[in-house]
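Numbering (this note's numbering), first residue to last: 9 to 557.
Down below is the structure, laid out as structure tokens.
Structure (structure tokens):
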């Protein structure tokens, strides 16, 4: 039969609606998201297709194939808003135990598992997962998408790939460039040698802007969208511009907590915190905090440069060097709190021997980098710091969150992860853990889990900390879990416990197996008793028939 009826509980009546696409028996059906779904079954052939009924349109639409084989007399249910299909028999008389969820119900397979299409409009390559409109298998591979191939290997191509913790944008050689366009305009270039050009520039420096006069080349903080009211850098004719937003703002140069150099409006002061600051040019100023020596044979044995025997600024070349580039170092403050090495492009802050392009002193400090300050303390700021064994990412206060983005275009980004001020975390994708057998040792099956897992008590609760999420929570008490599974409980430096909830899942699975075995045994016992009961009924009937004779 293919006819289809709608039941009205108010009038206790049935009304015929649009017929199913064909007559079939032993199918399964379920409702999901306001639609009805019917699939599998027998029509003279064993079916694996599924159709969706729209009550608003009174029509049926094909949605895809559930599996590569047909089945009939299966089961279906919807759990947590996800439909599941399982069990049944195939055309060969084989009883099936496989189980499929929503994605499997709606997919069409092409060429095995290599390419799969989810109706409507999602394509997967090397996987049957369809979380994106185009999804490629989760494998580490330098070559995921090849746009142009020079040689058939993992490096000499133009395209995209992935490695561990890496999204790879690949060009075929160091002579090639990554170019980003807006319409016909080149707005960003990364050359194969690692140099970056902005707004169409072919860079010769590590970072290069167009050779244009522009007050605003780099903006660190904007007060008003114009060419003057910002903090940052720019260029004009024969001018490198260091800009602050207004005349009340100050250019300050610090050494540790000491302000060594300030520019405010037309005024310049040296070592303002020390109330000294004699300036000497071409000589060492007696008692001065800053001294300059110029010319061949300058101070400290420099063959060219600006130097000081004990001052707080030193620029110079080594003896005998005739190159026009500075070969040694630039140091601000005699305590060497700022150290620049022009020949290598490295900068040290609070140290004298930077190994990274920008390196800070090895000191513990909540405030290493401050991007925005709410108040002058170690907590109310946006930035980065270091604690004992900890890299600290800081936001200023309540209501502030940490957000991680991935750019999707010149104007938009996708939000990947949000860490809220109450400790809650929201991620845009799936959270997975490494579980490959190749990564593990001392592997043993879990035993005797029944009494242990059943001893746990679940609780509803709320957090005492008023800054945490005050909604009703569900979970376990770490102290109780620790008594049964101590390896699933950790303590922090304050002695506060946390529970590895994922680690409880294997014990729950083993408990389910035990319950399943008990159920199977009871079912078999039930069948045996039922057979005995049937046999006794038959014998009783025979006796009753004989008595009637």
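Heads up, the beta-carbon is just placed ideally off N, CA and C, and yes, glycines get one too.
Item to complete: Consider the C-beta atom of residue 97 and the heavy atoms of the ligand SAM; say whether any pair is separated by less than 8 Å.
Response: Here there are no bound small molecules, and the ligand SAM is not part of this structure.
Q) For residue 515, which residues of its own chain have a beta-carbon under 8 Å away from its beta-carbon, when the five flanking residues on both sides are left out? A) 454, 457, 460, 461, 493
- Item | Contact the stretch 477–496 vs the stretch 509–525: 3+ CB pairs below 8 Å | yes
Use the C-beta contact count for residue 46: other C-beta atoms within 10 angstroms, 16 or more gives buried, fewer gives exposed. buried
| Taking the alpha carbon of residue 35 as the point to measure from, which residue in 56, 385, 267, 206 has its own alpha carbon closest? | 56
- Message: If you reduce the DSSP assignment to three classes, tell me which class residue 258 lands in.
- Response: coil
*Residue from 250, 429, 544 whose Cα sits closest to the Cα of residue 390*: 429
Excluding the 5 residues flanking residue 214 on each side, which residues of the same chain have their C-beta closer than 6 Å to its C-beta?
203
Would you call the stretch 84–95 in contact with the stretch 62–71, where contact means no fewer than 3 C-beta pairs closer than 8 Å?
no
(request) Return the chain-ordered list of same chain residues with a C-beta closer than 8 Å to the C-beta of residue 59, the five sequence neighbours on each side being excluded. (result) 28, 29, 45, 46, 47, 68, 69, 70, 71
Comparing alpha-carbon positions, which option in 246, 218, 431, 531 lies nearest residue 473? 431
- What residues in its chain sit with their C-beta under 7 Å from that of residue 162, if we drop five residues either side in the sequence? 150, 151
Between residue 367 and residue 353, how many whole angstroms is the CB-CB distance? I'm expecting something under 8 Å.
Rounded, the Cβ-Cβ distance is 12 Å, inconsistent with contact.
Query raised in the report: Does the beta-carbon of residue 341 have 16 or more other beta-carbons within 10 angstroms, so that it is buried, or is it exposed?
Result: Low local confidence applies: a pLDDT of 48 at residue 341 is under 50, so the model's placement there is unreliable, with the coordinate-based value given in what follows. Buried: at least 16 other Cβ atoms inside 10 Å.
Practice task
Using a threshold of 9 Å, state whether the C-beta atoms of residue 393 and residue 375 are closer than that.
Solution key: yes
Take residue 1 as the anchor and find which of 452, 484, 449 has the nearest alpha-carbon. The structure shown has nothing for residue 1, since the chain only spans 9 to 557.
**Report entry** residue 192 to residue 185 span [Cα, whole Å]
**Finding:** 16 Å
May I ask which residues mark the beginning and end of the alpha helix (DSSP H) holding residue 512? Careful: residue 512 lies outside any alpha helix (DSSP H) and carries neither H nor E.
Exposed or buried, which one is residue 32 when buried takes at least 16 other CB atoms within 10 Å? buried
Note to self: Taking 7 Å as the limit between beta carbons, can you name the residues of its chain near residue 222, skipping five residues before and five after?
What the structure shows: 242, 243
Self-check item: Pair within 9 Å by beta-carbon distance, residue 155 and residue 141
Solution: no
Short Cβ contact (9 Å threshold) for residue 12 with residue 26
yes
Check your understanding: For residue 376 and chain D, any beta-carbon pair shorter than 9 Å?
Key -> Among the protein chains of the structure shown there is no chain D, as only one such chain exists.
**Study point:** Integer Cβ distance of residue 145 from residue 134, believed to fall under 8 Å
**Key:** 3 Å
- Message: Quick check: what's the CA-CA separation for residue 422 versus residue 388?
- Response: 27 Å
- Query: Considering residue 488, what are the terminal residues of the alpha helix (DSSP H) in which it resides?
  - Reply: 486–492
(request) Could you pull the start and end residues of the beta strand (DSSP E) that residue 444 belongs to? (result) From DSSP, residue 444 is part of no beta strand (DSSP E); its letter is neither H nor E.
CA-to-CA distance, residue 264 to residue 283, given in whole angstroms | Confidence at residue 283 is low in this model, with a pLDDT of 41, below 50, so its placement is unreliable and no value can be given for it.
In angstroms, rounded to a whole number, what distance separates the CA positions of residue 257 and residue 194?
36 Å
Review point. Measuring CA to CA, which of 437, 476, 168 is closest to residue 407?
Key: 476
What separation, rounded to the nearest whole angstrom, lies between the Cα atoms of residue 450 and residue 503? 29 Å
Original post:
Which one of 208, 22, 505, 175 has the shortest CA to CA distance from residue 415?
Top reply: 175
Under DSSP, the beta strand (DSSP E) around residue 241 begins and ends at which residues? 238–244
Quiz item: DSSP puts residue 425 in a beta bridge; with which residues?
Solution: 412, 435
query: Where does residue 172 land, buried or exposed, given buried means 16+ other C-beta within 10 angstroms?
result: exposed
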